[in-house]
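Participant: Structure in structure tokens, see below.
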Amino acid sequence: MTASTLTATQSGTFSIGGDTPVVRLGYGTMQLTGEGVWGDPKDPDEAVRVLQRAVERGVTFFDTADSYGPVVAEQLLRKALHPYQDDVVIATKAGLTRSGPGIWKPVGRPEYLRQQAELSLRNLGLEQIPLFQLHRIDAQVPLADQVGELALLQQEGKIKHIGLSEVSVEDVKAAAEFATIASVQNLYNLAHRDAEDLLNYAEQNSIAFIPWFPLATGKLAAPGGPLDTLAKKHNASPSQLALAWLLRRSPVMLPIPGTSSVAHLDDNIDAAALTLTDEEFAELEAAV
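Under full-length UniProt numbering, the first residue of the sequence shown is numbered 1, with each subsequent residue one higher.
Okay, structure coming up:
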């Protein structure tokens, strides 16, 4: 099967919150910005082409944040894809402030989260944000105030679903006292699986699990390593195998590999066609 006929839809679908279907293999926009996730991309035209190509290849789920740039990634999405196709679902985040390249500081004051939601609506060109995620829980602000403000925005129709990022199972349970949590987004990949308990909880409760940094493979992809060996067997890249493993790991998994290159995007999307046997899946899982 060639890239011209293969689409991301072969990764399957998942319905966020039970009523917002997305193709499971999505796209994350963080790498579209400048170095340190700061400023404009080196090649703005290529960034637009990447986003448009993603839609052409069947991607419907795009993950971004107000802090990527800041605002650069959201505005690129609007420039490339607005007016959005009916099946395109954009998730954005608020709760991290930026004062320079590589600097991220949590701010969860209700008035700040509301301001950022309003700005995201404007920057994205949306009347309602399909999935609005608290980028980090601010330890200096009561959780009830942070999640409660998102619940108010939801009641007002400005956001549809609420998500959390970099949280524990206990955090999700606590937040669920104030709002229905539709998604969680934590660092998770073949080589780093500290969020295993959270993934299991998400699967048990039909909560979308969005792994960030999904392509990290560490020594597994070294020449002669298990990922390298299996990739050669499948005539695939190690990154494709890493994505195939994530998609096989759980039906609630929504990987969002990011890239600033159309060629790399195409390579990632080709992972949707890979099928691991039970033995291959177990071999990779046991390799870490």
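By construction, the Cβ of each residue, glycine as well, lies at the ideal position given by its N, Cα and C atoms.
Identify whether P101 lies in helix, strand or coil by the three-state DSSP scheme.
Facilitator: Here residue 101 refers to the residue found at position 101 when the sequence shown is read from its first residue. Correct three-state label for P101: coil.
Participant: Specify, as a first and last residue, the run of the alpha helix (DSSP H) that A54 falls within.
Facilitator: Start at 1 with the first residue of the sequence shown, and residue 54 comes out as number 54. 44–56 is the extent of the alpha helix (DSSP H) around A54.
Participant: For the candidate residues A244, Q155, Q75, H234, whose alpha-carbon lies nearest to that of L215?
Facilitator: As a working mapping, residue 215 is identified with position 215 in the sequence shown. The shortest C-alpha separation from L215 is found at A244.
Participant: Can you round the beta-carbon distance between L131 and K160 to whole angstroms, since I take them to be within the 8 Å contact cut?
Facilitator: Residue numbering aside, residue 131 sits at position 131 when the sequence shown is read from its first letter. Residue numbering aside, residue 160 sits at position 160 when the sequence shown is read from its first letter. Correct: roughly 7 Å between the Cβ atoms.
Participant: Using DSSP bridges, identify the partner residues of H161.
Facilitator: Translated into positions along the sequence shown, residue 161 becomes position 161. According to DSSP, which records beta bridges pairwise, H161 is partnered with L131.
Participant: Between which two residues does the beta strand (DSSP E) harbouring L246 extend?
Facilitator: Within the sequence shown, residue 246 is the residue found at index 246, counting from 1. Taken as a continuous stretch (DSSP letters only), L246 belongs to no beta strand (DSSP E), being part of the alpha helix (DSSP H) at 238–249.
Participant: Please state whether DSSP places S11 in a helix, a strand or coil.
Facilitator: Numbered from 1 along the sequence shown, position 11 holds the residue referred to as residue 11. The answer is helix: DSSP assigns S11 an H, G or I state.
Participant: Thinking just about the alpha-carbon of each residue, which of G258, D266, A263, S250 is nearest to the one in E285?
Facilitator: Your numbering for residue 285 matches position 285 in the sequence shown. Ranking the options by Cα distance to E285, first place goes to S250.
Participant: Is Y27 helix, strand or coil by DSSP?
Facilitator: For the purposes of this step, residue 27 is taken as residue 27 along the sequence shown, with counting starting at 1. It is a strand residue.
Participant: Using only the alpha-carbon positions, how far apart do D194 and S165 sit?
Facilitator: The residue you call residue 194 lines up with position 194 of the sequence shown. The residue you call residue 165 lines up with position 165 of the sequence shown. Using only the alpha carbons, I get a separation of about 14 Å.
Participant: Under 7 Å Cβ to Cβ from H192, same chain only, skipping five residues before and after it: list those, please.
Facilitator: Translated into positions along the sequence shown, residue 192 becomes position 192. Only A216 meet the Cβ criterion.
Participant: Note down the Cα distance separating M1 from A80, rounded to an integer number of angstroms.
Facilitator: The residue you call residue 1 lines up with position 1 of the sequence shown. The residue you call residue 80 lines up with position 80 of the sequence shown. Its pLDDT being 41, under 50, M1 is placed unreliably by the model, and the measurement read from it follows with that caveat. Their Cα atoms are separated by approximately 28 Å.
Participant: Could you check if T180 is buried or exposed, using at least 16 other CB atoms within 10 Å of its CB as the buried criterion?
Facilitator: Counting from 1 along the sequence shown, the entry for residue 180 is found at position 180. Exposed is the call here.
Participant: Would you mind reading off the limits of the alpha helix (DSSP H) that contains I269?
Facilitator: Numbered from 1 along the sequence shown, position 269 holds the residue referred to as residue 269. It spans 262–269 - the alpha helix (DSSP H) in which I269 sits, taken as one unbroken run.
Participant: Between which two residues does the alpha helix (DSSP H) harbouring D171 extend?
Facilitator: As a first step, residue 171 is located in the sequence shown; it is residue number 171 there, counting from the start. D171 -> alpha helix (DSSP H) spans 169–175.
Participant: Can you name the residues that DSSP bridges to D63?
Facilitator: As a position in the sequence shown, residue 63 is number 63, starting the count at 1. For D63, which the question treats as bridged, DSSP gives the partners G28, A91.
Participant: Just mark E74 as buried or exposed, buried being the case when its beta carbon has 16 or more other beta carbons within 10 Å.
Facilitator: In the sequence shown, the residue the question calls residue 74 occupies position 74. The residue in question, E74, is buried, as its Cβ has 16 or more Cβ neighbours within 10 Å.
Participant: From which residue to which residue does the alpha helix (DSSP H) around P226 run?
Facilitator: In the sequence shown, residue 226 corresponds to position 226, counting from 1. 226–233 is the extent of the alpha helix (DSSP H) around P226.
Participant: Please classify L96: does DSSP put it in a helix, a strand, or coil?
Facilitator: Here the question's residue 96 lines up with position 96 in the sequence shown. Strand.
Participant: My understanding is that V88 touches V55, with C-beta atoms under 8 Å, so please give their C-beta distance in whole angstroms.
Facilitator: The count along the sequence shown starts at 1 and reaches residue 88 at position 88. The count along the sequence shown starts at 1 and reaches residue 55 at position 55. Yes, V88 and V55 are in contact; Cβ-Cβ is about 7 Å, under 8 Å.
Participant: Nearest by alpha-carbon distance to T29: which of D19, P41, G18 is it?
Facilitator: The residue labelled residue 29 in the question sits at position 29 within the sequence shown. The shortest C-alpha separation from T29 is found at P41.
Participant: Please classify R122 as buried or exposed, where buried requires at least 16 other C-beta atoms within 10 Å of its C-beta.
Facilitator: Along the sequence shown, one-based indexing puts residue 122 at 122. Answer is exposed; the Cβ neighbour count stays below 16.
Participant: Run through DSSP, which three-state label would N205 get?
Facilitator: As a working mapping, residue 205 is identified with position 205 in the sequence shown. Coil, per DSSP.
Participant: Quick check: is any heavy atom of the ligand ATP less than 7 Å from the C-beta of T64?
Facilitator: The ligand ATP is absent from the structure shown, which contains no ligands of any kind.
Participant: Buried or exposed: which applies to V186, given that a residue is buried once 16 or more other Cβ atoms fall within 10 Å of its Cβ?
Facilitator: Here residue 186 refers to the residue found at position 186 when the sequence shown is read from its first residue. Here the sequence assigns Asn to residue 186, which means Val is not the residue at that position. Buried is the call here.
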